[in-house]
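Down below is the structure, laid out as structure tokens.
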Amino acid sequence: MEFRASRWLAGLVLAVGAIAGSATAEAKERPLGVIELFTSQGCNACPPADELFAEFAARDDVVALAYHVTYWDYLGWQDNLANKENTDRQYGYMRGFGARAVYTPQAVVNGRTHMSGAKRDDITQALDNLEKTGQGLNVDVHITENADTISIDVGQVEGPQRINAHLVLVYFGPPQLVDLSRGENKGRRITYWNAVTDVNTAGMWHGEKQRFDLPRSEVEKKGGAAVLLQAVGKDGLPGPILGAAVIRKARGPMR
72 MEFRASRWLA
82 GLVLAVGAIA
92 GSATAEAKER
102 PLGVIELFTS
112 QGCNACPPAD
122 ELFAEFAARD
132 DVVALAYHVT
142 YWDYLGWQDN
152 LANKENTDRQ
162 YGYMRGFGAR
172 AVYTPQAVVN
182 GRTHMSGAKR
192 DDITQALDNL
202 EKTGQGLNVD
212 VHITENADTI
222 SIDVGQVEGP
232 QRINAHLVLV
242 YFGPPQLVDL
252 SRGENKGRRI
262 TYWNAVTDVN
272 TAGMWHGEKQ
282 RFDLPRSEVE
292 KKGGAAVLLQ
302 AVGKDGLPGP
312 ILGAAVIRKA
322 RGPMR
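This is how it looks when you write it as structure tokens:
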């Protein structure tokens, strides 16, 4: 699907483009990028994307998150991993990209571009191109776990520009094996990885070094968790992802 960037997103990209120059030899190792897959158990085009996503979820150099959406439930199978907030996030990206509709399977890379979630070459090329053009993850996000606290240290941006970014906590479950008994994928057995269960904004970041402390006990209750440092526009639409890290991977037996 072709799309045009909205005015605010174009301006935001220019504002944060200078972040690339802030990287130093001492910078901590960063992920190559963030892959957000919008998928549904009721979508007959999604199983190949879910299978490919499992490969990305197993990698240590990307943050891979799967958002199960609700709008295909009417076809005869209600996705048991879907929620309205996941659907709302996809619609937010749609408006930010200036697109006319949502679709599945959709992969959003670094909050900046999108493509079919079933196309390996398009996803890997997007990761590489964004990295080469300075639109990768250019802000350090470092996680420290103590007895009672999980601390998130976010780096800084050089220059006078003020950036409005959210520190977003994305919680996800362990791999789950689902037998689909109805709908377009009837008879399939599919393992779903890193299915998002909750998304919370933990705070704001404006381009300077900052520490965010979280109660360890509360984070541990929710399984896996990732941190996204995501720019936002005045209307709150999700924009470019500037930094990311995984606090912990979800563990547990597959159902």
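Quick note: the sequence shown uses our numbering, first residue 72, plus one each step. The beta-carbon is built from N, C-alpha and C at its ideal position, and this holds for glycine as well. Remember, it's a predicted structure, so these values are computed and weren't measured experimentally.
What's the C-alpha gap between G274 and A315? Rounded to whole angstroms, G274 to A315 spans 14 Å at the Cα level.
Which whole-angstrom value describes the C-beta separation of T215 and A197, a residue pair presumed to lie in contact below a C-beta threshold of 8 Å? Actually they are not in contact, since the Cβ atoms of T215 and A197 sit about 31 Å apart, beyond 8 Å.
Answer yes if the stretch 244–257 comes into contact with the stretch 145–155, meaning at least three C-beta pairs across the two stretches below 8 Å, and no otherwise. At 8 Å Cβ cutoff, the stretches touch.
Around the C-beta of R101, are 16 or more other C-beta atoms found within 10 angstroms, so that it is buried, or is it exposed? Counting other Cβ atoms within 10 Å of its Cβ, R101 reaches 16 or more and is therefore classed as buried.
Extent of the continuous beta strand (DSSP E) run through D284: Per DSSP, D284 belongs to the beta strand (DSSP E) from Q281 to P286.
Contact the stretch 114–124 vs the stretch 157–171: 3+ CB pairs below 8 Å: These segments do not touch.
Report buried or exposed for R326, applying the criterion of at least 16 other Cβ atoms within 10 angstroms of its Cβ. Reliability fails at R326, whose pLDDT of 49 lies under 50, so the model's placement of it is uncertain and the value that follows must be treated cautiously. Counting C-beta atoms within 10 angstroms of its own C-beta, R326 has fewer than 16 neighbours from the protein chains shown and is therefore classed as exposed.
Go ahead and pull the three-state DSSP assignment for Q247. Three-state result, Q247: strand.
Below 7 Å between beta carbons: does that hold for A266 and A137? The criterion of a C-beta distance shorter than 7 Å is satisfied by A266 and A137.
Would you report the Cα separation of R282 and G207, rounded to the nearest angstrom? Our two residues, R282 and G207, have alpha carbons roughly 22 Å apart in a direct line.
Please state if the CB of T175 and the CB of H139 are separated by a distance shorter than 7 Å. One thing to note: H139 has its Cβ no nearer than 7 Å to the Cβ of T175.
Look up G167 in the DSSP assignment and say whether it is helix, strand or coil. G167 falls in the helix class under three-state DSSP.
Using beta-carbon positions only, say whether I318 and A302 come within less than 7 Å of one another. It is not a contact, given that the beta carbons lie outside the stated cut-off.
Please give me, in chain order, every unbroken run of the beta strand (DSSP E) with length at least 3 that falls completely inside the stretch 101–148. Taken in chain order, the complete beta strand (DSSP E) segments of 3 or more residues contained in the stretch 101–148 are 104–110 and 133–139.
Can you give me the start and stop residues for the beta strand (DSSP E) that E216 sits inside? For E216, the uninterrupted beta strand (DSSP E) segment begins and ends at V212 to E216.
State the CB to CB distance for the pair G310 and P245, rounded to an integer number of angstroms; the pair is presumed to be in contact (CB under 8 Å). Rounded, the Cβ-Cβ distance is 30 Å, inconsistent with contact.
When you compare only the Cα positions, how much space is there between V225 and N209? A direct Cα-Cα distance of roughly 11 Å separates V225 from N209.
Please work out which residues of its chain come closer than 6 Å, Cβ to Cβ, to V105, disregarding the five sequence neighbours upstream and downstream, and give them in chain order. So the qualifying residues of the chain are V134, N181, I312 and A315.
I need the DSSP call for N151, collapsed to helix, strand or coil. Under the three-state reduction of DSSP output, N151 falls in the coil class, being neither helix nor strand.
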